[in-house]
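Chemist: Numbering (my numbering), first residue to last: 10 to 234. This is the structure I have questions about; it appears just below.
Below, the structure written as structure tokens:
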């Protein structure tokens, strides 16, 4: 690793793969990053982003699946609840979709007030931890990303309404899984697509969580407990 790579902070991040019609013709919610984006410009991606400082203090309305929580619980990483909160927040910000349960949230912190105004609180139980990857060296930004699966049926919003989305992602739409590889994808997104396909139609807690090791070997190993 070069000196410049060593100075690039690897930030904890969370990504959400929302799956529609998993048992029939599965489709995934994706959008395109802007041409001027510093990270992965013009690429089609799943909604997601870095964990914010306040995500660890967000009161989740429901708990993560215990197995998923145990797999995410590492002393040197963001707390499982912070990762779940980041995933839910990024889904809301980038698509306007709500992973939430009905409930008043009058004291929602900054960054969550729009979500709270919909009359919902964050629903971590809708998420299943399914994949992990670290951005390879040589990139201007690096992330330790955890990918969560979520069935579209668990959305508390109209899955075809993106009116509340911010402008970070364009061309938001449901991409049939069998057509997703035709898009301009980051390499890791193509890898994740293969893992998702191997799990469907089951969106429950997987037997293992693959961890893509971005080094010279290109190894995929289990993100073991």
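All C-beta atoms in this analysis are idealised placements derived from N, C-alpha and C, irrespective of residue type, glycine included.
Can a CB atom of chain B be found closer than 9 Å to the CB of residue 199?
Modeler: Absent from the structure: chain B. Only one protein chain is present.
Chemist: For the alpha helix (DSSP H) containing residue 101, list its first residue and its last residue.
Modeler: As a working note, residue 101 is residue 92 in the chain shown. Where residue 101 is concerned, the enclosing alpha helix (DSSP H) stretches over 89-104.
Chemist: Given residue 19, which residues of its chain have a CB within under 8 Å of its CB, disregarding the five upstream and five downstream residues?
Modeler: For the purposes of this step, residue 19 is identified with residue 10 of the chain shown, where counting begins at 1. 143, 144, 151, 152, 153, listed in sequence order.
Chemist: Could you give the first and the last residue of the continuous beta strand (DSSP E) run that contains residue 38?
Modeler: Position 29 of the chain shown, counted from the first residue, corresponds to residue 38. Element bounds for residue 38: 36-42.
Chemist: Run the CB neighbour count on residue 42, radius 10 Å, all protein chains shown included, and call it buried at 16 or more, exposed below.
Modeler: Your numbering for residue 42 matches position 33 in the chain shown. Burial call: buried.
Chemist: Exposed or buried, which one is residue 234 when buried takes at least 16 other CB atoms within 10 Å?
Modeler: The sequence position of residue 234 within the chain shown is 225, counting from 1. With a pLDDT of only 37 at residue 234, under the threshold of 50, the placement of this residue in the model should not be trusted; the figure read from the coordinates follows. Its Cβ having fewer than 16 others within 10 Å, residue 234 is exposed.
Chemist: So, for residue 76: in the same chain, excluding its five sequence neighbours on each side, which residues have a beta-carbon less than 6 Å away from its beta-carbon?
Modeler: Taking the first residue of the chain shown as position 1, residue 76 is located at position 67. Answer for residue 76: 214, listed in chain order.
Chemist: Report the residue ranges of all alpha helix (DSSP H) runs contained in full by the stretch 132-203; include only those spanning at least 4 residues, in chain order.
Modeler: For the stretch 132-203, not a single whole alpha helix (DSSP H) run of length 4 or above is found.
Chemist: In its own chain, which residues sit with a C-beta less than 8 Å from the C-beta of residue 61, not counting the 5 before and 5 after it?
Modeler: Along the chain shown, one-based indexing puts residue 61 at 52. Around residue 61: 95, 98, 120.
Chemist: Is residue 4 near residue 54, with beta carbons less than 9 Å apart?
Modeler: Residue 4 lies beyond the residue range present for the chain, which begins at 10 and ends at 234; the question has no answer from this structure.
Chemist: Mark residue 218 as exposed unless 16 or more other C-beta atoms lie within 10 angstroms of its C-beta, in which case mark it buried.
Modeler: Walking along the chain shown from the start, residue 218 turns up at place 209. It is buried - the Cβ of residue 218 has at least 16 other Cβ atoms within 10 Å.
Chemist: Look at the alpha carbon of residue 26 and the alpha carbon of residue 92, and state the distance between them as a whole number of angstroms.
Modeler: The residue given as residue 26 occupies position 17 in the chain shown. The residue given as residue 92 occupies position 83 in the chain shown. Spanning the two alpha carbons is a distance of roughly 14 Å.
Chemist: Give the secondary structure of residue 11 by DSSP, where H, G and I count as helix, E and B as strand, and everything else as coil.
Modeler: The residue given as residue 11 occupies position 2 in the chain shown. The predicted model places residue 11 with a pLDDT of 49, which falls under 50 and marks its position as unreliable, so this point remains unresolved.
Chemist: Residue 209 and residue 138 - do their beta-carbons sit closer together than 9 Å?
Modeler: What you label residue 138 is simply residue 129 of the chain shown in a count that begins at 1. What you label residue 209 is simply residue 200 of the chain shown in a count that begins at 1. Result no, Cβ atoms of residue 138 and residue 209 do not sit closer than 9 Å.
Chemist: Under a three-way DSSP split, which group does residue 128 fall into?
Modeler: Mapped onto the chain shown, residue 128 falls at position 119. Note: residue 128 maps to coil in three-state DSSP.
Chemist: If contact is defined by three or more beta carbon pairs under 8 Å, each pair taking one atom from either stretch, is the stretch 174-189 in contact with the stretch 97-114?
Modeler: As far as the Cβ criterion goes, the stretch 97-114 touches the stretch 174-189, which means the pair count is three or higher.
Chemist: With which residues is residue 54 paired in a DSSP beta bridge?
Modeler: Residue numbering aside, residue 54 sits at position 45 when the chain shown is read from its first letter. The partner list for residue 54 (beta bridge, DSSP) reads 40.
Chemist: Would you mind giving the Cβ-Cβ distance between residue 112 and residue 70, rounded to the nearest angstrom? I have them listed as a contact below 8 Å.
Modeler: Here residue 112 is taken as the residue at index 103 of the chain shown, counted from 1. Here residue 70 is taken as the residue at index 61 of the chain shown, counted from 1. Residue 112 to residue 70, Cβ: 6 Å. Contact.
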